[in-house]
Each structure stands twice: as C-alpha cells, then as structure tokens.
Amino acid sequence: MNRVVALRAGPAVAEPMVEVRGLSKVYPGGVEALSDITLNFPKGKLTTLLGPSGCGKTTLLKIVAGLIPASAGEVSVGGRKVTGPGPERAFVFQDFALLPWATVLRNVAFGLELRGTGRWEREATARRHIEEVGLKGFEDAYPHQLSGGMRQRVGLARALAVDAEVLLMDEPFSAVDEQTRRKFQEDLLALVAGKGKTFLFVTHSIEEAVYVSNRIVLLSRRPSRVSEIIEPDIPRDLPPDRIRRHSAYIDTVEEIWQGLKRYLE
Amino acid sequence: MTLFGLRVPMVASLVLWAALWEVVGQAGATILIPPLSHVLVRLVEIVPTESFAEALGLTARAFVLGTGIAVLAGVPLGVLMGRWEPADRLMLPWVNVFVSAPLSALVPVIMALFGFGELTIVLTVVLFAIWIIVLDARAGARAVSPSLSEMAQSYGAGPLQAFAKVYLRAALPEILAGIRLGLVRAVKGVIIGQLLVSVVGFGHMFEIYSSNFLMEHMWALLLVLFALAFAIDGVFARLEKRVEYYAAARQ
Amino acid sequence: MAAAPWALRAASFVVVFAAWEYAGRLPVNPAFPPFSDTLVAAGEMVADLSLVAALGVTLWPLAVGVALSSLAGVAAGVAMGLSRRAEWLFVPVFIVLQAAPLAALIPILVLAYGVGLLSKVMTVCIMAMPVIVLNSFKAIRHAPSSLIEMGHSFLGSRRQIIAKVILPAASPVIFAGLRLGLAAGFIGAILAELLISPTGIGDLITYHQSVADYPKMYAAIATVIVLSVLFIGLLDRAEIALFRPERRSAR
Ligand SMILES: Nc1ncnc2c1ncn2[C@@H]1O[C@H](COP(=O)(O)OP(=O)(O)OP(=O)(O)O)[C@@H](O)[C@H]1O
Ligand SMILES: [Mg+2]
C-alpha cells in the first residue's frame, strides 16, 4: 500500500524542485543539529518533515530558505544553488511574524513592497490574496485585532502574494485551534492541488502530516538524519471525513507512530 | 547581555577612551581637559585630605539616610497601591507626575522650608529616589498571581501578614529593580542637592575649585563621584542577580 | 462606569489640593503658602506676563538642548544598535554616564562656556543624552528577530529592513527614552537657571524666594511641573500619531 522508500531517497518520484545534498549544520557552541542529510522535494507536491522536537526541522527549513548558512553540503532550488533568500521561495512563519503597526493589507503586500513593486499593483495583488484566504473585509484591520487563525491566514496570503514556487511552512498551524486547523488543512490541500507549487511543511502532528502530505520525511533525533520516507497512498478525491476514516489513512498514522516511538524510549 | 560578556569588552574600550583623554590633555588642546595622568595624581592628593573625608562622610550619610527613607516609605506605599484599588486611584496620578517632573525646581522649596543643612540634602535624595521605587513596587505587587493571594487568604493570613509574607516576597524582583533605579536617581539627587545648597559637602568643594579655576581638582573629584556611582550600581546589580531566580521560578 | 476613572482622578487632585490648603493655612511653615494663595499668585503672574516671559526664556535652551540630544542621541543609539563596533566603543561610556551624577559637570561647563545660553544648552544635553542614547540602543538591539528574519526572507535589503522593520519595531522604546530624556532635560534646564545664572523660571524662583514672596515662588515651580507633564503627554500623542497607527483606535 504505502510505498516505503529506503533511506537515502531512491529514484525521485517526480522532478525534484528542492534538492538537499550532504547537508550538515553545527551551531556555534557545538550543537550538531543536522548531520549529512540528503533529500529531494518533488515539484508540485507537499513534503512534510516530521520528527521529535529539537531534531532540526526548523534548522533544515531555514537553510533551504537561505536564512542561515549550512556547515557542510548544499541546497539547490530549481537547479540553482542556494546562497541566500530568493524570490522563488517564501516562508510562512510559526509565530506569523506580522508587522504589528501595519494593516492586513500592508502586511500582505509587504513582500512586494520590499521588492519595489508599485503601490497600486501590490495592493491589487494583496487584495486578491486576502480574498483568497477568506479575509475579505479585514484589509484595514491591524494584527492585534485578529484571531490567531486569521493572523496565520495573513501570513499565508503574504507568502502567496509574492508568487513563489516553493512555500516553506514551519508549523504554520500550531498556534491555531483544532477546528481552524482542520479548515486550514483542507484549504492547504486545495492550494497544493490547484497551484502546482512545491510545499515544504513542518508539523508535530502525525495526523496532520498524513492528511496533507504527498510525502513524509521522518527525521531521527539530533543530530538529525533521514530515517524513513513515507508516501501515504490516500484517495484524495474523497470528502474529508471519509479520508480520516479511510484505512489507508489510519494505517499510515499507526505506521509512523510505530516508527517514531523508538525515539521516545 | 551577560555580565561577563559585557565586562570584557567594556573595560577594553574604556581604556581606549582613557588613553584618548591623556593624549588630548597632553596636546594641551584646551585648558578644560588636563591630561588624565595629572588628574589621577591630583586624585591621589585629594582623597586623603580632611575636607574630602568630611564631604564624603556627609554625602554618604545623606545618601544612605535618603535612600533608606525612600525605600522604607516607597516600597510599602507601592505595594499598597498595587493591592488596594482606592489607594492606587488616589495616588497614581501624583506618582506619575513626580516620577518625571523637573525635581530640581523643588529643591529651592526644600531649602526654603528646611534651611541649608544636611536635612535638605537628605530630603532631596528622598525626593529623587522615591517615585520610581513606588512605581516598581506597585508593578511588582500587581504582578503577584491571584492564586497566591487567594492562598494567603484561605490560610487565614491577616492583611499585615499577607503583606510581609506574600506580597513583599513575591514582588521582590520588581522591588529590587525599582530600588536600583532609585539608587541611580539618589546619586544624582545627592549631588544636585549639594550643588544647589553649595555650602556643604562636595557642592562646597566644587564651588571652591571652580572659583579658583582648579581644573585638575575638578576632574579628580568628578572621577571619584563617577566611580562611586558606578560602584553602587554595580554592587546592587549583583544583589539583584541573586534574586533573579525568583522571577524565573514565578513565570 | 466610563466616568468613574475621571471622577476618581479629580478626587485625587481635590484631596491633595485641600491638604495643601489646610497645611498652608495652619501654617506648618511660614515658607509654605496655601494652595489658594499660590493659585492667585499664578493668576497675577500670568496677567502681568512675567510668568509667560519667564517660560519663554526657560524653554529656549530646553528646546534647543532636547532637540539636539534627541537627534544626536537617537542617531548614536541606533548606530550602536546596528553596529557591534560602535556598541563596543560607545555603549560602556554611556552606561557610565547614565549612572553618573552628571550635574557635577556643570561647574566645568561654566568655566568652559561662561554663564550664557551655551552652558545652559550643554547642561540640558548632558542630562538628556545618556538615557536617549541607551534606550535607542536597547530598542534596536531588542527588535524582534523573527520580524527581521521575515524581512530577510522576503528579500529586504539591509536598508529596507532597518527602515521598514527595525525602526518601527524600536519606536516605542526609543520614545520611552525620549520621554525620560525630556524629563531629564527639564531637570537640567531648571538646574542651569538655578546654578549658572538666574534667568526665566529659575530667576522667578530665586527672586521670589529672596523677597519671601512664597506664593509666587510656588506658582513658578508648579508651572514648570505642569508644563513638563504636558510636554511629556504631547510626546506620547506624537508617537502614536506618527509611528503607531494600530494604537490610535485603542486609545
Ligand atoms: N541559534 C541557535 N544556536 C544554537 N543552537 C540552536 C540554535 N537554533 C537551534 N539550535 C539547536 O538546534 C537544535 C535543532 O533546533 P530546531 O529549532 O531546528 O529544532 P526543531 O526540530 O525545529 O524543533 P521543534 O520541533 O521544537 O520546533 C536544537 O537542539 C536547538 O537547541
Ligand atoms: Mg521548530
């Protein structure tokens, strides 16, 4: 049922958008967060990084984003080597990272503002994405007037507005309540299906990973290595509640849990 | 900014500034800035003199008395304001006014009321130090978790007991932070008081030096005062560190 | 309910003024006039324009000094926050200066620059500058790293990140520094008028004290205090209007 790819990803399923080769990261002070990671992230798919807390998921994502340098190895996106942040990648932050002094409109348009897009054009784009994430009517609100779920939608709209091919999402739903979270997951699936963008997703929730992912990368404890890659074989055309009761879904969750449990003992 | 991380570069750059001072002084660019070495020689000369000992004694007494009064009055007042709404409503506007008011304008009032002696200087110190102590103690008392005060009540603590055993302890980090800020202000107060009264203590010494154009003496005295101020702040910062675990445990 | 805080605030002023009136009528001290006399004196001084003229004189060095210290202090503090080298070189100096009783420098300033406007402006500057510099420095250094990271990830240049992320994020703490600086500048301005040469409000205070016209002396002092509170309030408003649109509606 599930295709379990052996360690060190075998032949790529689809054309890889993000390639990680021999990546290691040692923080100043000696914490070895990542150790010799080699991974491909297929284009147009959502790949989830799953692993125990502190194993280096955020570190990996930030290196791909070009926010922190790697100690060894390299990352390339769309065939080009990563040396810093680039227009083809956009980050969705766990703590939203919204400017508290700026309206929703300006926050969503902020990526474009930094790129020097003209005001009229960037606001038109921003309005489109605000509507797309369901925040129409809140353009002039400030972040402190929004709920956690709404704030994360702003963060998502900001990332969508710069029209990057790769979206890097670090536990984007961890600060929202369970109901909102489920709604988000469904929206995310629609986004993956509709846009052809590549998603790198981090979560702590096995259920969430299985529900939204095309591929799940299990990371071992620090220093992190790839311990397993799982491709849930779940019929995506079913309605959400049927998916969550589907045996493939339940089996995959159980399988991953069994795999992760080793690290907890 | 860790203490250690701060200390190392700090000394280094201050040494650089001291060297610059010496160079400028030696170059004789202005009579205002004598070479640091001359100032230090003068300092060694001044410190053992009787007038210095006298001024230091007076300053120390006024400082200790003034801050003592400010702490003993300010902390309970602040805790009271933090725990009892009517007191807060009544006094907060005034505390807010005085914490940032030009207090130097009030020193003449103290002089008019209490003369040109030590008492005036002590009261100036109190006036400068007390407001920030009250404000921080109030903030600390307000931050005491409700469950803690309910605990005190449920175990039958009277208001005085609750004050001494619960609020004062629980608000300690903020209280100490306030006292530290109060001390810095008190140092300024004790000097401003003496400068304005100008017939006692360091104020008197400055008066004599400046009327005789004794630049080196003046800088030497300044250095001593700066060093004392910094030492007081440093010692108290250490004390504060010791209590920090409280704050960490409380969150 | 909406009116209650106002009422209590008014009550707080009424209580204090009534106590002042009572103590003045006793009188506790010949140099302690009742509130009503002080109020009348203030009215007279406004009517004969002496108060207004004096304020104009006092505010001049204050305005120049505070403007200079704000511009230079914020620029210097921001530079120290952005550059480790500038931090290493300058921050220790300002930490020493903030703890030090800088009023002691006034006699030296008088020797250097005489008893004119320049000395007074310098006095205001040395009082106001350290706190403005250090607050600006801390504000920049503690700008939330997640927002800065966000700026980088969306390809902001260093300049853009400073202008659009770091400075707006730092503005509350910078403004807190400006408020403290303004308060310290007021202390300095009055101190300069009392110590260096009597002009403006300082002159009114010393003159009326010397002729034992205490109501007028108190009226002059109360006026500067009220004025400092007003100015600090204005600074608050300015901050919200200019840099913090999200707090406009919250007020
Ligand atoms: N700036 C840093 N300096 C030093 N060590 C760091 C730094 N950032 C992270 N680490 C360490 O690197 C390791 C991996 O951190 P990372 O944040 O990548 O983990 P994570 O998998 O995202 O954890 P979580 O699931 O809790 O978010 C941790 O042990 C952490 O303590
Ligand atoms: Mg993380």
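Chains as they are written, first to last, in the working numbering: chain A, 26 to 290; chain B, 10 to 260; chain C, 2 to 252. Note that beta-carbon positions come from the ideal geometry of N, C-alpha and C, so glycine has one too. Here the structure is a predicted model, which is why all the values come from computation and not from measurement.
Under 7 Å from any heavy atom of ligand 2, does the C-beta of residue i make it?
{"i": "T73/A", "result": "no"}
{"i": "E150/C", "result": "no"}
{"i": "T224/C", "result": "no"}
{"i": "T83/A", "result": "yes"}
{"i": "E196/A", "result": "yes"}
Interface residues of chain B around residue i at Cβ under 8 Å?
{"i": "N136/C", "result": "In chain order: nothing, as chain B lies at least about 13 Å away."}
{"i": "V94/C", "result": "S22, L23, W26"}
{"i": "I107/C", "result": "L204"}
{"i": "V58/C", "result": "None at all; the shortest Cβ gap to chain B is about 14 Å."}
Starting from the beta carbon of residue i, find every residue of chain B whose beta carbon is closer than 9 Å, and list them in chain order.
{"i": "V16/C", "result": "L99"}
{"i": "V111/C", "result": "S219"}
{"i": "S13/C", "result": "R98, L99, M100, L101, P102, W103"}
Cβ closer than 8 Å: which chain C residues qualify as neighbours of residue i?
{"i": "P117/B", "result": "L195, I206, T207, Q210, M218, I222"}
{"i": "P111/B", "result": "A184, F187, I188, A190, I191, V225, I226, S229"}
{"i": "A121/B", "result": "A32, Q210, Y215, M218"}
What I want to know is whether the C-beta of residue i ends up closer than 7 Å to one or more non-hydrogen atoms of ligand 1.
{"i": "R246/A", "result": "no"}
{"i": "H153/C", "result": "no"}
{"i": "Y52/A", "result": "yes"}
{"i": "S146/C", "result": "no"}
{"i": "L166/C", "result": "Rather than Leu, the amino acid found at residue 166/C in this sequence is Val. Outside the cutoff, so no."}
{"i": "V45/A", "result": "no"}
{"i": "H226/B", "result": "no"}
{"i": "C80/A", "result": "yes"}
{"i": "H213/B", "result": "no"}
{"i": "V100/A", "result": "no"}
{"i": "V89/A", "result": "no"}
{"i": "V104/A", "result": "In the sequence under discussion, the amino acid at residue 104/A is Gly, which differs from the Val named in the question. Checking the Cβ of G104/A against ligand 1 gives no."}
{"i": "V56/A", "result": "yes"}
{"i": "H271/A", "result": "no"}
{"i": "H47/B", "result": "no"}
{"i": "G76/A", "result": "yes"}
{"i": "H169/A", "result": "no"}
{"i": "H154/A", "result": "no"}
{"i": "H229/A", "result": "yes"}
State the start and end residues of the unbroken beta strand (DSSP E) segment that holds residue i.
{"i": "S252/A", "result": "251-256"}
{"i": "G98/A", "result": "97-102"}
{"i": "D61/A", "result": "57-67"}
{"i": "R240/A", "result": "240-244"}
Along chain A, in chain order, which residues have C-beta atoms closer than 9 Å to that of residue i?
{"i": "H1/C", "result": "Since the first residue of chain C shown is 2 and the last is 252, residue 1/C is not available in this structure."}
Could you list which residues in chain C have their beta carbon closer than 9 Å to that of residue i, in chain order?
{"i": "R147/A", "result": "Result: empty, since nearest Cβ-Cβ is about 12 Å, beyond 9 Å."}
{"i": "V106/B", "result": "I226, V227, S229, V230"}
{"i": "A36/B", "result": "Simply none; closest approach about 17 Å."}
Kindly identify the DSSP beta-bridge partner or partners of residue i.
{"i": "M194/A", "result": "V117/A, F226/A"}
{"i": "P41/A", "result": "P67/A"}
{"i": "I259/A", "result": "Looking at the DSSP assignment, I259/A forms no beta bridge with any residue, so it has no partner."}
{"i": "V51/A", "result": "E57/A"}
{"i": "R46/A", "result": "E99/A"}
{"i": "L75/A", "result": "L243/A"}
At a CB-CB cut-off below 7 Å, which residues of chain A make contact with residue i?
{"i": "S147/C", "result": "F118, D120, A122"}
{"i": "E247/C", "result": "P125, W126, Y167, H169"}
In terms of residue numbering, what span does the alpha helix (DSSP H) encompassing residue i cover?
{"i": "G178/C", "result": "168-196"}
{"i": "V107/A", "result": "Per DSSP, V107/A belongs to no alpha helix (DSSP H) and is neither H nor E."}
{"i": "V134/B", "result": "127-152"}
{"i": "I119/B", "result": "116-123"}
For residue i, which residues in chain C fall below 7 Å Cβ to Cβ?
{"i": "I201/B", "result": "A104, L192"}
Residues of chain A with CB under 8 Å from residue i, in chain order?
{"i": "E240/C", "result": "Near E240/C there are no residues of chain A at all, since even the closest Cβ is about 11 Å away, more than 8 Å."}
Using a Cβ cut-off of 7 Å, pull out every chain B residue sitting near residue i, in sequence order please.
{"i": "L9/C", "result": "R98"}
Interface residues of the stretch 28-40 of chain C facing chain B [CB-CB below 8 Å]: For the stretch 28-40 of chain C, which is checked against every Cβ of chain B, the residues closer than 8 Å are N30, A32, F33.
Note down, in chain order, all residues in the stretch 100-127 of chain A with a beta-carbon under 9 Å from any beta-carbon belonging to chain C. Cβ contacts with chain C come from G109, P110, G111, P112, R114, A115, F116, F118, Q119, D120, F121, A122, L123, L124, P125, W126, A127.
Residues of the stretch 156-182 of chain C in Cβ contact with chain A at a cutoff of 9 Å, in chain order, please. Residues L156, G157, S158, Q161, I162, K165, V166, P169, A170, S172.
If you measure beta-carbon to beta-carbon, which residues of the stretch 212-228 of chain B are closer than 8 Å to chain C? If you check each beta-carbon in the stretch 212-228 of chain B against every beta-carbon of chain C, the ones closer than 8 Å belong to F215, E216, Y218, S219, F222, M224, M227, W228.
Under 7 Å, CB to CB, which of the residues in the stretch 185-199 of chain A have a partner in chain C? Within the stretch 185-199 of chain A, the qualifying residues are V187.
With 7 Å as the limit, tell me which residues of the stretch 74-97 of chain A have their beta carbon closer than that to any beta carbon of chain C; keep them in chain order. So the list reads A90, L92, given in the order they occur along the chain.
Which of the residues in the stretch 55-69 of chain B, read from start to end, lie with their CB under 8 Å from any CB of chain C? Of all residues in the stretch 55-69 of chain B, none has a Cβ within less than 8 Å of some Cβ in chain C.
Taking any Cβ of chain C, which residues in the stretch 131-143 of chain A have a Cβ under 8 Å from it, in chain order? Going along the stretch 131-143 of chain A in chain order, one finds F135, G136, E138, L139, R140 with a Cβ nearer than 8 Å to chain C.
Can you pull out the residues from the stretch 231-251 of chain B whose beta carbon lies closer than 7 Å to at least one beta carbon of chain C? Of all residues in the stretch 231-251 of chain B, L231, L234, F235, A238, F239, D242 have a Cβ within less than 7 Å of some Cβ in chain C.
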